[in-house]
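Q:
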Ligand code: ATP
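In our numbering, the protein residues as written are 29 to 471.
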């Protein structure tokens with residue numbers, strides 16, 4: 029039994045290495061500033077990575093905004109008045125406990141290390157002191173306290189400070205939500221595990237404003253909805269769990285939080301937190317700004333402060349989970365094959381169009397097919413290397429379907445569609461191609 033567990037853990041560790049490797053080799057994610065020797069734990073998204081990350085964010089937006097009647101979108105500025113961070117409690121409370129190792133002088137987040145320095149093994153650590161995670165900068169040419177500004181550490185506050193703007197410009201009333209996708213910045217003490225924890229990352233957050241008495245009901249609703257979203261995009265339920273925070277773990281604003289966690293190669297890690305923030309934020313901003321952040325209930329003829337349920341997810345962290353979950357190795361005709369079994373919704377390319385050889389008459393028709401399909405899908409046209417190598421490349425980057433244009437195409441007006449997962453190949457005539465693809469891809 030122990031041996032089995034050890035074997036499984038070894039496999040999982042190697043999956044992490046393989047995925048990081050594949051991301052670099054195929055152009056998903058590059059270490060940032062590489063030609064200068066790198067810049068710790070920052071990453072650049074390459075041609076395939078930017079496409080996939082966009083698909084993750086688009087899928088979230090589609091589910092959270094486009095397909096609902098009760099949620100609207102927002103794109104707030106990254107920079108804002110520091111008064112927001114004072115009112116929200118971030119200046120005071122957005123800290124992690126920092127300890128120094130007195131022997132090797134490395135710094136750690138106390139809650140992540142169990143009292144032992146992970147670098148040198150010493151137990152001789154300083155007392156923990158709060159370290160504020162916000163990046164501080166200055167707006168304008170004068171560097172004084174009066175010009176201090178902070179890069180946002182979460183997108184949520186943009187939704188709270190625009191609560192009235194949204195109420196006044198839409199026909200929404202509680203229960204309704206405001207959704208936002210964008211960059212956030214945290215000066216993490218120990219970034220790492222690839223893009224799991226970085227200092228610059230992307231979030232997908234939604235603030236759902238509800239009558240206070242309905243908060244618990246909506247909390248449960250959103251925990252279940254958000255869990256299902258990851259499943260709908262291909263993560264197996266056995267790799268996911270919901271973890272409830274106990275009282276001492278709760279953030280300063282929250283009365284209940286549940287995390288959706290994924291089984292990463294290094295253990296369970298949070299993908300998303302769903303929090304009941306009560307009326308904490310609207311109250312805090314009302315007090316600090318003087319604006320009345322309440323809703324007038326016409327029927328009851330009373331003002332009240334809505335409570336907030338917040339599902340807060342990381343786009344970059346989710347992308348990493350989708351990649352790990354999709355990574356598979358199998359054997360085809362006696363050779364090892366690496367295949368990313370990504371949901372077609374997330375795959376960077378939906379279709380690859382591959383002329384069998386570089387002969388101009390094949391390339392001409394293949395290129396035309398690719399341009400036709402590009403009106404609807406992100407499609408790769410690839411004429412380099414042998415057809416076997418091109419299939420392998422597209423398996424490795426998760427392209428669900430490859431179309432091969434061969435010499436018969438010139439006479440029978442048909443192409444071969446190869447399925448990434450089943451490897452089944454079928455001949456389809458060009459006039460049926462678009463319909464067949466749309467049926468198979470599901471969109
Ligand atoms: P942690 O406890 O891991 O530091 P958190 O609970 O502070 O995270 P939240 O404030 O709830 O995280 O942020 C919501 C989501 O944003 C997280 O679930 C995660 O997906 C993402 N996220 C937070 N910090 C980072 C980071 N440093 N790098 C990448 N993604 C992050």
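Beta carbons are placed, not taken as given, at the ideal position from N, Cα and C, and that holds for glycine.
(1) Starting from residue 300, follow the beta strand (DSSP E) in both directions and report where the run begins and ends.
(2) State the Cα-Cα distance for the pair residue 479 and residue 255, rounded to the nearest angstrom.
(3) Whose C-beta lies closer than 7 Å to the C-beta of residue 92 among residues of the same chain, with five residues either side of it excluded?
(4) Less than 7 Å between C-beta atoms, sequence neighbours within five positions excluded: which residues of the same chain meet that for residue 468?
(5) What are the boundary residues of the beta strand (DSSP E) that residue 231 is part of?
(6) Would the beta-carbon of residue 96 be found less than 7 Å away from any heavy atom of ligand 1?
(7) Hey, could you find the ends of the beta strand (DSSP E) residue 321 is sitting in?
(8) Is residue 455 near ligand 1 - that is, is its Cβ less than 7 Å away from at least one heavy atom of it?
(9) Excluding sequence positions up to five away, which residues of its chain have a Cβ less than 6 Å from the Cβ of residue 272?
(10) Decide if residue 68 is buried, meaning its Cβ has at least 16 other Cβ atoms within 10 Å, or exposed.
(11) Among the residues of its own chain, which have a CB less than 8 Å from the CB of residue 132, if the five just before and after it don't count?
(12) If we count Cβ pairs, one from each stretch, closer than 8 Å, do we get three or more for the stretch 96 to 111 versus the stretch 188 to 207?
(13) How is residue 440 classed by DSSP in three states: helix, strand or coil?
(14) Compare the Cα-Cα distances from residue 48 to each of 436, 298, 424 and 282 and report the closest residue.
(15) Look up residue 134 in the DSSP assignment and say whether it is helix, strand or coil.
(16) What is the rounded straight-line gap between the Cα of residue 481 and the Cα of residue 57?
(17) Would you mind sorting residue 231 into buried or exposed? The rule is 16 or more other CB atoms within 10 Å of its CB.
(18) Which of the three DSSP states, helix, strand or coil, is assigned to residue 101?
(19) Below 8 Å on the Cβ atoms is my guess for residue 39 versus residue 373; work out the distance and round it to an integer in Å.
(20) Using 10 angstroms around the beta-carbon of residue 29, count the other beta-carbons present and answer buried if the total reaches 16, otherwise exposed.
(21) How big is the Cα-Cα spacing for residue 270 and residue 248?
(22) Going by beta-carbon coordinates alone, are residue 110 and residue 184 separated by less than 8 Å?
(23) Looking only at C-alpha atoms, which of 360, 408, 367 and 196 sits nearest to residue 376?
(24) Among the candidates 344, 401 and 382, whose CA atom is the shortest distance from the CA of residue 80?
(25) Beta carbon of residue 299: closer than 7 Å to some heavy atom of ligand 1?
(26) Are residue 283 and residue 311 closer than 8 Å when you measure CB to CB?
(27) Check whether the Cβ atoms of residue 448 and residue 379 sit closer than 8 Å, and answer yes or no.
(28) How is residue 160 classed by DSSP in three states: helix, strand or coil?
(29) Just to confirm my understanding: we take residue 390, look at its own chain, exclude 5 residues before and 5 after, and list those with CB closer than 8 Å. What are they?
(30) For residue 250, which residues in the same chain have their Cβ closer than 6 Å to its Cβ, ignoring the five residues on either side in sequence?
(31) Which residues share a DSSP beta bridge with residue 285?
(32) Can you check DSSP and say which residues form a bridge with residue 453?
(33) Measuring straight from C-alpha to C-alpha, what distance separates residue 300 and residue 258?
(34) Report yes if the C-beta of residue 342 is less than 7 Å from at least one heavy atom of ligand 1; otherwise report no.
A: Let me lay it out:
(1) 295 to 306
(2) Coverage of the chain is limited to positions 29 through 471, which leaves residue 479 absent and any answer about it impossible.
(3) 99, 207 and 234
(4) 429
(5) 228 to 238
(6) no
(7) No beta strand (DSSP E) contains residue 321, which DSSP labels as neither H nor E.
(8) no
(9) 286
(10) exposed
(11) 145, 147, 148 and 150
(12) yes
(13) helix
(14) 424
(15) coil
(16) Lying outside 29 to 471, the shown extent of the chain, residue 481 is not represented and no answer is given.
(17) buried
(18) strand
(19) Contact doesn't hold; Cβ gap of about 27 Å is too wide.
(20) Note on residue 29: pLDDT 43, under 50, position unreliable in the model; no value is reported.
(21) 11 Å
(22) no
(23) 408
(24) 344
(25) yes
(26) no
(27) no
(28) strand
(29) 383, 384, 433, 434, 435, 437 and 438
(30) 302, 337 and 339
(31) 303
(32) 446
(33) 10 Å
(34) yes
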